Each structure stands twice: as C-alpha cells, then as structure tokens.
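For the sequence shown, numbering that gives the first Met the number 0 begins at 0 and goes up steadily by one.
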Amino acid sequence: MSDNRTAIYKERLKAGWLGFRQFLRNRYFWGGLAVIVVVAAAIYLAFDRALMPSVTRHGVSVPVPDVLRLPPEQADSILTASGLEMHQQILRKMNLPRNQVIDQRPPSGSLVKPGRSIYVTVNTGDTTTVLVPGVVGRSRRDVDGLLREQGLRAGPHRVDSIRSTFPADVISRQFPRPRVRVPRGSVVQLWYSAGPSAQFVVVPDVAGLPAPEAIERLSDVGLRTVILGPQDGVVRDQGPTAGTTVREGSEVRLRTRDPDPEG
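Put into structure tokens, the structure is as follows:
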C-alpha cells in the first residue's frame with residue numbers, strides 16, 4: 000500500500016513540475032509580465048518627476064546665510080547659491096565701512112522658504128545719486144546700454160521665478176524700483192520673463208496683512224504685486240479682489256496705509 004502511495008506522489012510531483020516548466024515557456028505569461036514592468040516603471044517615473052518635487056518642497060525651509068560685512072556682489076552670490084533672492088537697499092554714510100553689507104533682514108540663521116527675498120543694506124559712502132529708470136517691459140538686449148547711459152550697472156539677467164504676462168526674454172522685474180535715487184555706479188538687479196503662463200489661479204484675500212506678508216502670500220500662488228502706499232504698511236484694499244480668477248503671473252495692486260502705532 001505504501002509503495003502505491005509513493006508512486007502516486009511521485010507521479011503528481013512529476014506532473015506538477017512538467018506543468019510548471021510548460022507555464023514558464025508560455026510567451027503570453029512573459030509578455031504580460033513585461034507589460035506590467037513597463038507600466039510600473041512609467042508610473043514610478045511620472046510620480047518621481049511630477050509629484051515628488053512638489054511633495055518634497057512642501058514645508059521645506061532653508062537657513063539664511065550670514066552676509067554681513069561682505070561686498071554686495073559676494074553676498075548676492077551666496078544668497079543665490081542658497082536659493083534666495085537679494086534685494087539691495089542703499090545707505091550713504093561716510094563714517095561707516097564702504098561697499099559692504101551692514102544689515103540684513105531676515106537675520107542670519109532664520110529659516111525661510113526657498114526663493115524668499117532677503118533685504119540687505121549696503122553702505123556706499125557715495126553722495127552722488129542718479130534716478131533708476133524703469134526697464135520693465137524692455138527687451139533684454141536693450142537694458143544694459145540704457146542703464147549704462149544713466150550711470151548704473153546691470154546685474155546678471157535671471158529667469159523670473161514669479162510668472163508674468165510678459166513675452167519671453169522681456170524684463171519682468173527690477174530692483175531697485177523705478178525713480179528711486181541710488182549712488183552712481185549701483186547695480187540694478189534684473190529678472191526676465193520665461194513667457195506667459197497658461198495656468199489660472201484664484202486671488203487670495205490679503206486685506207489687513209502687512210505688505211511684506213501679503214507679497215509673500217501672493218507670490219506663493221504665482222501672482223505679482225504693485226504697492227500703492229507705504230512699502231511696509233498694512234493692506235487696506237486690493238485689486239483684483241479676493242476670489243477672482245486670473246492668469247498666473249498677473250499683477251495684484253495693493254493699497255496700503257501706515258501701520259497702526261498701537262498695533
């Protein structure tokens with residue numbers, strides 16, 4: 000009886016092995032497996048390239064480097080390497096060190112979002128000033144010569160991280176802003192458009208916020224700002240109004256008032 004059971008077991012084992020070998024030779028199995036692998040790889044690549052960058056950027060912050068006592072050109076390079084943008088404010092004091100950063104906001108060590116503007120004060124000691132011309136809307140080919148004629152220097156042309164409605168290769172942002180007096184020979188920082196965006200966004204409500212916070216909130220959704228009033232004031236109204244759908248890169252005009260001295 001035990002010999003019969005052993006024979007039956009061997010026959011079943013042999014039949015199972017033959018069936019498994021035949022299954023492995025089935026081209027439909029391997030074809031289906033190849034399709035599954037290709038589809039899985041495509042899904043992984045799409046997730047890695049399209050979704051992961053936005054996931055990893057959410058909540059990311061970078062420390063502000065220390066640029067005090069550095070020349071403005073070196074400070075700009077360090078901040079740019081950290082993913083930050085330098086906005087330069089000029090001070091003309093003969094009794095302070097010349098041509099170096101004497102103040103920065105936010106201070107070094109602060110944690111901020113990538114792309115945040117860092118405001119630095121540079122003492123030039125020069126009392127000869129000129130008016131900054133408005134070059135927004137001008138072609139990149141024209142601006143360097145135009146600034147030279149005014150006794151100013153053009154900084155490196157950078158692609159504007161804030162989308163705009165300007166055509167490609169047109170200056171979309173400048174700093175300092177037009178009609179501000181700066182020392183002769185100062186650098187005007189320039190950003191140019193990568194082309195109009197095809198995306199639309201909803202304008203957030205920024206009424207009642209300090210102007211710097213309102214600017215950052217609008218920038219987060221891809222909108223530009225024009226301040227009408229004190230640059231460090233409080234937003235009293237905005238246009239377009241909150242809830243309006245506009246093209247990404249559009250301007251939102253913020254009317255500001257002086258901060259409440261009691262607030």
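Virtual Cβ for every residue (Gly too), placed ideally from N, Cα, C.
Since this is a predicted model, take the numbers as computed values, not measurements.
In this structure, how does DSSP classify E247 when only helix, strand and coil are distinguished?
As a working mapping, residue 247 is identified with position 248 in the sequence shown. Here E247 carries a coil assignment [DSSP, helix/strand/coil].
Any contact of the segment 144 to 156 with the segment 114 to 124, i.e. 3+ C-beta pairs under 8 angstroms?
Remark: fewer than three beta-carbon pairs, one from each stretch, lie closer than 8 angstroms, so the segment 144 to 156 and the segment 114 to 124 are not flagged as touching.
Give the straight-line distance between the Cα atoms of V179 and T127, rounded to the nearest whole angstrom.
If you number the sequence shown from 1, residue 179 lands on position 180. If you number the sequence shown from 1, residue 127 lands on position 128. About 13 angstroms.
With a CB to CB cut of under 7 angstroms and the five nearest residues on each side skipped, what residues in its chain are close to D236?
Position 237 of the sequence shown, counted from the start, is the residue given in the question as residue 236. The residues are A206, R254.
Take every Cβ of the segment 180 to 193, pair it with every Cβ of the segment 230 to 245, and state whether three or more of those distances are shorter than 8 angstroms.
no
Is R140 helix, strand or coil when you go by DSSP?
Within the sequence shown, numbered from 1, the residue matching residue 140 stands at position 141. Helix, per DSSP.
Excluding five sequence neighbours on each side, which residues of the same chain lie with their C-beta closer than 6 angstroms to the C-beta of V186?
Start at 1 with the first residue of the sequence shown, and residue 186 comes out as number 187. Its chain contains R152, G154 as the residues whose beta carbon lies nearer than 6 angstroms to that of V186, once the 5 sequence neighbours on both sides are disregarded; these appear in chain order.
Q173, buried or exposed, once every other Cβ within 10 Å from all chains shown has been counted against 16:
In the sequence shown, the residue the question calls residue 173 occupies position 174. Under this definition Q173 is a buried residue.
Using a 10 Å radius around the Cβ and a threshold of 16 neighbouring Cβ atoms, would you call G221 buried or exposed?
Numbered from 1 along the sequence shown, position 222 holds the residue referred to as residue 221. Flag for G221 reads buried.
Can you give the beta carbon distance from S81 to V61, rounded, assuming they're within the 8 angstroms contact cut?
Here residue 81 refers to the residue found at position 82 when the sequence shown is read from its first residue. Here residue 61 refers to the residue found at position 62 when the sequence shown is read from its first residue. S81 to V61, Cβ: 6 angstroms. Contact.
What residues in its chain sit with their C-beta under 7 angstroms from that of G150, if we drop five residues either side in the sequence?
Along the sequence shown, one-based indexing puts residue 150 at 151. Correct list, in chain order: V129, R183, G184.
Say whether the segment 162 to 172 touches the segment 102 to 109, bearing in mind that this needs 3 or more beta-carbon pairs closer than 8 angstroms, one atom from each stretch.
no
Following the continuous beta strand (DSSP E) through S171, name the residue where it begins and the one where it ends.
On the sequence shown, position 172 is the one that residue 171 refers to. Note, S171: beta strand (DSSP E), 170 to 174.
Within 10 Å of its beta-carbon, does M93 have 16 or more other beta-carbons around it, so buried, or fewer, so exposed?
Here residue 93 corresponds to residue number 94 of the sequence shown, with the count starting at 1. M93 counts as exposed, since fewer than 16 other C-beta atoms from the protein chains shown sit within 10 angstroms of its C-beta.
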